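Under full-length UniProt numbering, the sequence shown has 89 at position 89, and the numbering climbs by one with no breaks. Glycine is no exception: its CB is placed at the ideal position from the N, C-alpha and C atoms. Remember, predicted model here, so these are calculated numbers, not experimental data. Just below is one structure, and these are the notes that go with it.
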Amino acid sequence: MMELGQGVKKVEWITDSRSPLCGTFIVYLEDHTFGTLMRSRLSKDERVAFVGYRVPHPLENKLEIRLRCKVDSPFTVMLNALSTVRSNVAHLKKVYMAVDAAGSAPPLAVHASCVAFARRLEVCWVQSLQGKAGVDVEDWKVCISPQVEPKISTTYITALDVCTAPSTLSKYRFVVALGYANGTICLSGVDAAGDFHIVSHNDKNKAKVLHLEVQVDVEADKKGKAALHSFALLEGGTIVRFAWDTLEQSHVECGDGIIGLRASLAHGVIAQYAKDRMVLRGLDTDSTLKTFENVGSDTWGEWALGFHPQQRLLAFAGANAVRYTAAPRWEIYQFGDGVVHSEPISCLQFITLGEIVALLTASRDNIAVWDFDAQSVLYRRSGCEFRLCALTDLGEKEVNLAILGNVYDKKPWTVTRLSLPADDRMEEVGGKRPAESSSSSKSAGAQGNKRFRRMVDDMAEDAGDVAEDEGDLFDGVDHVDVDAEKPEVPASPSERRRRNADVFDMLNDESSMALMEDIERLKRRVAQLERRSEARYNLTPGSCPAPHDESSQWLMYWDDGGQITKQGTGDSTTLHVHLYSGPNAGYVQKHDSHNCHTAALCGRALVTGSELALENDPQGLLTVYNLGTNEIWQRRLRHERIASVAVSDEFVAVLGDGVLYIFSFAGSMLGVYRLKGAPVGLAAKGNMLAVISECSSNPKSSTVYSTRLLWVNGLRGLARNSLNRVVDLYDDVLVLPPNRHVSWLSISDQLNLWVGDSSGEFLDKVISYRTGQLMSLVPAMASFHKLGGVSFEWVPSLHLADLGGESSSEEKSNRIRAFPLYVNEQKLCYIRLKEGERYPHSHAPVNFLGYTLRKAPLRIEGASGAYMPFNKFYSVMTRDPKLKEVGPAGIVEDVAAIPWQQYDEMRHSLTLQGAQLELLMQLQQAYGFWFRDAERVTQKAATSMGNVELVHDKWLLRMLRKVKGQRQDGNVLYDVLRMIRYQRCLDTAAEIMSDQMDGRQRRVLREAAMLLANGPNRDFLFPSRENKAPEANDTQQPSAGVEPDSGRGVHDVTVLNRTVTHDKDTAPVSVPAPGKAVAPPAAPKPNAPAKPVHDGFVEVDGKPEDKSNWMEQVFHP
């Protein structure tokens, strides 16, 4: 029996009738273990006269304890004994865990203000080490919560780290990350009382946590962004990065042998190290920056590396010297070889002491504090056995040097209080001033300065463009700092600054001005080189630069038809093609035998561009894969490097170094044209081809691009297809402000060219622009001398910085990292990049690279952003593109609050769409002989145009209702009446204004009706309030000289000379010729099929003459 029966209590009491202080306790489900403990404890109590126990029968799980007391109640005595036994068992458990963990050093972590230790499931946090000689027993506390107890109760802590709490956890002083043997990572907050509270946990990993770091991104924390990150090294060589604010995890496989890591969010670098090597990786791209061989040692442990707090520099322990490396070359330098340490350095730590960056180094023989910039010794003492040396408890003028041993060592800790350096040395508080530095230390400081300058010179050499006369620019200052003939103590920073000031004082005004000009010139050159360091690559829709990580997917193309990614290097590269629609839809894998660097895709073909490295004859190679027939054809371009390729169902285009080649889908040449500048980007869709080349670029002036739009016809009917094979639609320049360039391009489903400039924000302090302002090339105005009578103009649209959140509550500081892909249905299709990413990243060839495709409505932000923020516009349009003002729950407040200026912008955007559709219809009619499915495409464009015009009038009527009766914007209604394109919408406008229509409004209505109906001006068309409107069956007599049918009412007038394909918002409207009566609409047939439903419109029940129903549809769709 392992559980109590129904109605049975755990403990029963049977009183002895002879004495109230005597009786028997019956305890169920207990045996001799409990009985022995209780009897032993009760027998030591002076209040007990007799105690004994028995088990009545071996098959019964119960225990009888006989107890007789002298002076107190048996219940009180028994409770006291139980409490004492419980305390003894808890103490025994602690001792057991301590003995069990004594075989290996417990994990510990050091911070500038505290130190944390761990053993089993307990954590000890020591805020100040001053006066501490070890860990007290009462300092150990169990860090656990009910949520994580089932996950960690059977394991133990293997790694931990501590950092200052971010603003999102402001109620805690510090946060401690705890790693366990089963892979669980917990985040705990430490309050002012020193108690631990589990904040969150990560149980996604199953391998043992060997090393753990937790850091706060200070810049992101100031902006309210995700700031708390942890880096864990798991058993097996996997490094896991986890963002605690967003709960996002990424990992990198590093292989066996890795013993530790060091990460720096400020510098964007993570270092992984083993006994014999060290690898530096970029945090943003997981790419390998540098691999160092034979730099480790057997003494390397948890604190063998350290990042400089201000520079992108990493210092690591050498044999008996300090070694360091710095960006961008990551060459290795060293100083202090044998000056202080004769044993290998095993511990290293950076800390900022006022204006000095101090470096602590420790070995078994010596411990030293260095001025890293001057590379001179500030403090030195003999070493001893230690687990960790650290500088903690940083005060205003003092700091602790703590030499910590093992938690279970009997040797006390050594904590020495040091004063900050006033000149060139540190002093022990209350101690004697240390002896003068040796001559070897002096020479080490001088030589160290030279090595540091050599590193700076190497960095400048990497930047390039260094004139020969600039090499000795600061020779005078160097001569003052280091004088080989006078072996003095290395100068302190304050002394060096004073000496440098003396040198500048000796210069006359003219020399000082020249020197300042040189400095400014060098600053400008550094800025130019930083911009130049950004990865510039030739553009195709959705393309990215090649990743540094060879195992990552290289996104080469992405539009509404599909995506292309590449993986691998050399001869082992593979192209992963995902087609979203069409007869060839699905996943296709192609072996990239020529290692292509650009690719494009359409429903029928895959095109790649490669470079053949032939001897003294470089050639570009174009390869076309027919996805339907699996046929392949190639073309070589001699002395041409292929920059970009494009393909559609009609043609293939190749952009060389300075030449554009156009081939038919079968491989015949259609045209060869010289570019006006360096190639930038290429895009194709349908029969449209867009080519962008850079004409001039200067940081001090604007950047000029040559932009060309070409209409490419097929080869049908060679006798009639001479120069009509390629039609030039647009050839002009695009001028961008200084320091901006084209960073993205795409052709929409309506064949609009869209580009984006590089006005996006900086990413993580790295000069790497992202796409910002979007612009579209549309036929925005009429022209007397250009094709089709229209002139193409660049119209600014959305700025990606305005893509904040999907809700209005999100601040602008939380702007997302949007990577634009293409434009479809007047919406920008994009993906959200993860924290720290610049480009889409994935190791697996999955569809959409594992991201979620998002869509944002486009608008002219400058025209309406001041009246309706984009996040509200985004939210409303995403929820209901039809903008219904009345829903099932009543009035939709956010839709009803849309200002008329926003409707005006939407109306103007529809006007531009209509102009683009008209141009396409003209092109399709003019070149329909060579156009594939010309009739179907023309009909589709006409249908789209009709839908656009219907929605255009719908927004106008919304504007009319909002400005009606307003004194400030009241005159807008006259513009609205003149822009309405459908007669029925004009009728609705008349009904909206009928309750307060004045003479001017009636006159404008009359003019608009005449323009639409091509009829005369008749007063009875718009009866005043005193005159009743004529009934539908009344007969009106026309005036003299007027045609009999010219007296049509406002509601009977139809659109004249306009071909419209109507949808479900309006009934079919006939287009009568002038002088003929309007026939009433035919009644629908009983079994007539339902009309197709178009996006953006709802079905309207009732007859076409039902004007109230029409108004209901317009205002409450």
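What three-state label does DSSP hand residue i in the structure shown?
| i | result |
| --- | --- |
| residue 569 | coil |
| residue 332 | strand |
| residue 1095 | For residue 1095, the predicted structure reports a pLDDT of 36, less than 50, and the residue's modelled location is therefore unreliable. The matter cannot be settled from this model. |
| residue 578 | strand |
| residue 398 | strand |
| residue 519 | helix |
| residue 768 | Residue confidence is low: residue 768 scores 40 on pLDDT, short of 50, so the model does not pin down where it sits. Its coordinate-derived value is still stated next. Of the three classes helix, strand and coil, the one that applies to residue 768 here is coil, per DSSP. |
| residue 666 | coil |
| residue 246 | coil |
| residue 50 | strand |
| residue 1084 | Legend: pLDDT at residue 1084 = 43, less than 50; position of this residue unreliable, value from coordinates given subsequently. Residue state, collapsed to three classes: coil. |
| residue 775 | strand |
| residue 93 | helix |
| residue 997 | coil |
Closest by CA to residue i, which one among the options?
| i | options | result |
| --- | --- | --- |
| residue 898 | 983, 864, 654 | 864 |
| residue 637 | 625, 651, 613, 650 | 613 |
| residue 836 | 69, 285, 590, 633 | 285 |
| residue 621 | 660, 608, 631 | 608 |
| residue 1009 | 170, 979, 998 | 979 |
| residue 333 | 367, 368, 292, 65 | 292 |
| residue 359 | 387, 331, 397, 310 | 310 |
| residue 946 | 56, 913, 61 | 913 |
| residue 338 | 894, 330, 322 | 322 |
| residue 604 | 247, 874, 580 | 580 |
| residue 191 | 597, 176, 626 | 176 |
| residue 336 | 370, 223, 142, 238 | 370 |
| residue 783 | 791, 776, 777 | 791 |
State buried or exposed for residue i, treating a residue as buried only when at least 16 other CB atoms are found within 10 Å of its CB.
| i | result |
| --- | --- |
| residue 256 | exposed |
| residue 731 | exposed |
| residue 1144 | Because the chain spans 1 through 1117 in this model, residue 1144 falls outside it and cannot be assessed. |
| residue 75 | exposed |
| residue 13 | exposed |
| residue 592 | buried |
| residue 355 | exposed |
| residue 587 | exposed |
| residue 861 | buried |
| residue 779 | buried |
| residue 17 | exposed |
| residue 93 | exposed |
| residue 59 | exposed |
| residue 708 | buried |
In terms of residues, what are the limits of the beta strand (DSSP E) holding residue i?
| i | result |
| --- | --- |
| residue 271 | 269-273 |
| residue 64 | 62-69 |
| residue 609 | 605-612 |
| residue 985 | No beta strand (DSSP E) holds residue 985; the alpha helix (DSSP H) holding it covers 983-993. |
| residue 592 | 586-592 |
| residue 276 | Note, residue 276: premise wrong, no beta strand (DSSP E); not H, not E. |
| residue 636 | 632-638 |
| residue 688 | 688-696 |
Could you spell out where the alpha helix (DSSP H) holding residue i opens and where it closes?
| i | result |
| --- | --- |
| residue 256 | No alpha helix (DSSP H) contains residue 256, which DSSP labels as neither H nor E. |
| residue 151 | 149-152 |
| residue 542 | No alpha helix (DSSP H) contains residue 542, which DSSP labels as neither H nor E. |
| residue 426 | Segment: none, residue 426 is in no alpha helix (DSSP H) and carries neither H nor E. |
| residue 950 | 934-963 |
| residue 900 | 900-926 |
| residue 33 | 32-43 |
How about residue i: is its Cβ closer than 6 Å to a heavy atom in the ligand COA?
| i | result |
| --- | --- |
| residue 934 | This structure simply doesn't include the ligand COA, nor any ligand for that matter. |
Handout entry: Complete runs of the alpha helix (DSSP H) confined to the segment 806-874 [at least 4 residues]
Key = Segments of the alpha helix (DSSP H) lying fully in the segment 806-874: 861-864.
Exercise for the section: Enumerate, from N- to C-terminal direction, the unbroken beta strand (DSSP E) stretches of 3 or more residues contained entirely within the segment 207-242. Expected result: List check, beta strand (DSSP E) in window: 209-216, 228-234.
Exercise for the section: Would you list, in sequence order, the uninterrupted beta strand (DSSP E) runs of no fewer than 3 residues that lie entirely inside the segment 314-367? Expected result: Counting whole runs of 3 or more residues, the segment 314-367 contains the beta strand (DSSP E) stretches 322-326, 332-335, 347-353, 356-362.
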